[in-house]
Amino acid sequence: MIDPKLLRENPELIAESLRRRGVELDLDALIELDAAHRAALREAEELRARQKEQGRRIAALEGEEKQGAIAEVAELAAAVKEAAARADRLAEELRLKMLEVPNLVAPDAADGYTEEDAVEIRRHGDTSIEGTDHATLGESLDIIDTKRAAKVSGSRFGYIKGKGALLELALVRWAMDRLVEEGFTPMIPPVLVREHALEGTGFFPEAREQVYEIPKDELFLVGTSEVSMAAYHGDEIFNGDALPMRYAGFSTCFRREAGTYGKDTTGIFRVHQFDKVEMFVFIAPEESPAEHERLLGIEEALVQELDVPYRVVNIAAGDLGASAAKKYDIEAWFPGEQRFREIMSCSNTTDFQARR
């Protein structure tokens, strides 16, 4: 979440970020809630101080005066309990409201609200080549079977088989080897996580409808291994000497793809289940912009080694996820479709996830 002090010290900064995102949020009500919470804390502390002071006086009193003081201490104890409970209720209400506030947009994030507003930074490779779309190619080579997958699992699933399966495994191992060379620790994280992991990374409450839930066990399937890798060091505090910590995770990911009816209905784009290699870095806040550029450079090097034409785009503020302050997409050229499509992304989440 954002630093709560900004509500009091620089609410205009939050308002401008919300405007750039196109997010409507009652900031004044949030500021009032924060003030009410702080007032409740002060009231509880003042009552607690009076209770302690009166308690110290009792030993020197006698008779009716002592009995009166004892009764007053009892009343103060009840008042302290009530004030503390009110402060706790307001604290939880404030916490839940703060979870709805997205990260502050970076000044150099692109303006706009849709994927069409992304700003191209550069492109690499020859886009004049022609080819067959991946769905047709996968079927003709007998390496992708979505028809049988639909019979088994429903729409937006696919079997990757034969040389296609071997190709995926080879790509994963190649990518992991490259990331190890770059100083990343390889990791195969859990794909089932508790709610706090999704809340802590900013996917809840915003993207809850995209996540598969297993209510009986109070677990959720991750849509990206970012969730379980970020939660790996949850509730831990590091000194500067321990950072940066770089992890390369590989996992199967699951997404409901709610709201995408009619989009990418063939092939294995926008499916419910897919495998992904993910980079995740814990680093000092002041070093995060440079690390973000480094991650982008690593991604570009991987795509260039594969000799795939691509372009880099700066994602528009209104198209950012809740946790991202800035995001780059790498879009590969799909000759069968004669257009660029996103295959990689990297985001700077600043201190947003660490505070949650």
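Residues in the sequence shown are numbered consecutively from 224, following this note's numbering. Think of the CB as a built atom: it goes at the ideal place given N, C-alpha and C, for glycine as much as any other residue. This one's a predicted model, so the numbers in the text were calculated from it and none came from an experiment.
*asked:* I'd like to check one pair, Glu391 with Asp498: are the Cβ atoms closer than 8 Å?
replied: Looking up residue 498 in the sequence shown gives position 275. Looking up residue 391 in the sequence shown gives position 168. The Cβ-Cβ distance between Asp498 and Glu391 falls below 8 Å.
_Beta-carbon separation (whole angstroms), Val434 vs Gly446, contact threshold 8 Å_ = Stepping through the sequence shown from its first residue, residue 434 is reached at position 211. Stepping through the sequence shown from its first residue, residue 446 is reached at position 223. With a Cβ gap of about 6 Å, Val434 and Gly446 count as contacting.
_Sheet register partners of Ala420 (DSSP bridge)_ = Here residue 420 is taken as the residue at index 197 of the sequence shown, counted from 1. Answer by DSSP bridge pairing: none, since Ala420 is not bridged.
*asked:* For a test of the three-state rule: what should DSSP assign to Leu253, helix, strand or coil?
replied: The sequence position of residue 253 within the sequence shown is 30, counting from 1. If DSSP states are grouped into helix, strand and coil, Leu253 belongs with the helices.
*Considering only residues of the same chain and omitting the five flanking positions on each side of Pro234, which have a CB-CB separation below 7 Å?*
Start at 1 with the first residue of the sequence shown, and residue 234 comes out as number 11. Within the same chain, Pro234 has close Cβ partners Leu250, Ile254.
*In or out: Ser511 buried (at least 16 other Cβ within 10 Å) or exposed?*
For the purposes of this step, residue 511 is identified with residue 288 of the sequence shown, where counting begins at 1. Buried: at least 16 other Cβ atoms inside 10 Å.
*8 Å Cβ shell around Pro330 - same chain, five flanking residues per side excluded*: For the purposes of this step, residue 330 is taken as the residue at position 107 of the sequence shown. Within the same chain, Pro330 has no close Cβ partners at all.
_C-beta contact flag for Ile367 and Gly490 at 8 Å_ = Against the sequence shown, residue 367 aligns to sequence position 144. Against the sequence shown, residue 490 aligns to sequence position 267. Result yes, Cβ atoms of Ile367 and Gly490 sit closer than 8 Å.
*Please work out which residues of its chain come closer than 6 Å, Cβ to Cβ, to Asp340, disregarding the five sequence neighbours upstream and downstream, and give them in chain order.*
Here residue 340 refers to the residue found at position 117 when the sequence shown is read from its first residue. For Asp340, where only same-chain residues beyond five positions count, the Cβ hits under 6 Å are Ala539.
*Does the separation of the CB atoms of Ala267 and Ala314 fall below 8 Å?*
The count along the sequence shown starts at 1 and reaches residue 267 at position 44. The count along the sequence shown starts at 1 and reaches residue 314 at position 91. The Cβ-Cβ distance between Ala267 and Ala314 does not fall below 8 Å.
*asked:* Just to confirm my understanding: we take Pro413, look at its own chain, exclude 5 residues before and 5 after, and list those with CB closer than 7 Å. What are they?
replied: For the purposes of this step, residue 413 is taken as the residue at position 190 of the sequence shown. Answer for Pro413: Ser451, listed in chain order.
_Closer than 8 Å is the cut-off here; do at least three beta carbon pairs connect the stretch 281-299 with the stretch 512-532?_
no
*Reduced DSSP category for Thr408 - H, G, I as helix; E, B as strand; rest coil*: Taking the sequence shown and counting its residues from 1, the one referred to as residue 408 is at position 185. Residue state, collapsed to three classes: strand.
*Quick one: measure Cβ to Cβ for Asp552 and Ser568, integer angstroms, because I've assumed they're closer than 8 Å.*
Position 329 of the sequence shown, counted from the first residue, corresponds to residue 552. Position 345 of the sequence shown, counted from the first residue, corresponds to residue 568. The Cβ separation is near 5 Å, so the contact holds.
*What is the rounded straight-line gap between the Cα of Cys476 and the Cα of Gln496?*
For the purposes of this step, residue 476 is taken as the residue at position 253 of the sequence shown. For the purposes of this step, residue 496 is taken as the residue at position 273 of the sequence shown. Near 6 Å, if we compare the C-alpha coordinates of Gln496 and Cys476.
*For the beta strand (DSSP E) that contains Ile344, what are its first and last residues?*
Taking the first residue of the sequence shown as position 1, residue 344 is located at position 121. From DSSP, the beta strand (DSSP E) with Ile344 extends over 342-347.
_Does Leu230 pass the burial test, meaning 16 or more other C-beta atoms within 10 Å, or should it be called exposed?_
Reading the sequence shown from its first residue, position 7 is the one you call residue 230. With a threshold of 16 other beta carbon atoms within 10 Å, Leu230 meets it and is buried.
*Name the one or two DSSP bridge partners that Gly472 has.*
Residue mapping note: residue 472 aligns to position 249 of the sequence shown, counting from 1. Paired residue(s): Met410, Glu501.
_Contacting residues, own chain, Cβ-Cβ under 6 Å from Glu560 (five flanking each side not counted)_ = As a first step, residue 560 is located in the sequence shown; it is residue number 337 there, counting from the start. Excluding residues within five positions, the ones whose Cβ falls inside 6 Å are Asp356.
*Gly457 versus Leu421: straight-line alpha-carbon distance, rounded*: Taking the first residue of the sequence shown as position 1, residue 457 is located at position 234. Taking the first residue of the sequence shown as position 1, residue 421 is located at position 198. Between Gly457 and Leu421, the C-alpha separation is close to 12 Å.
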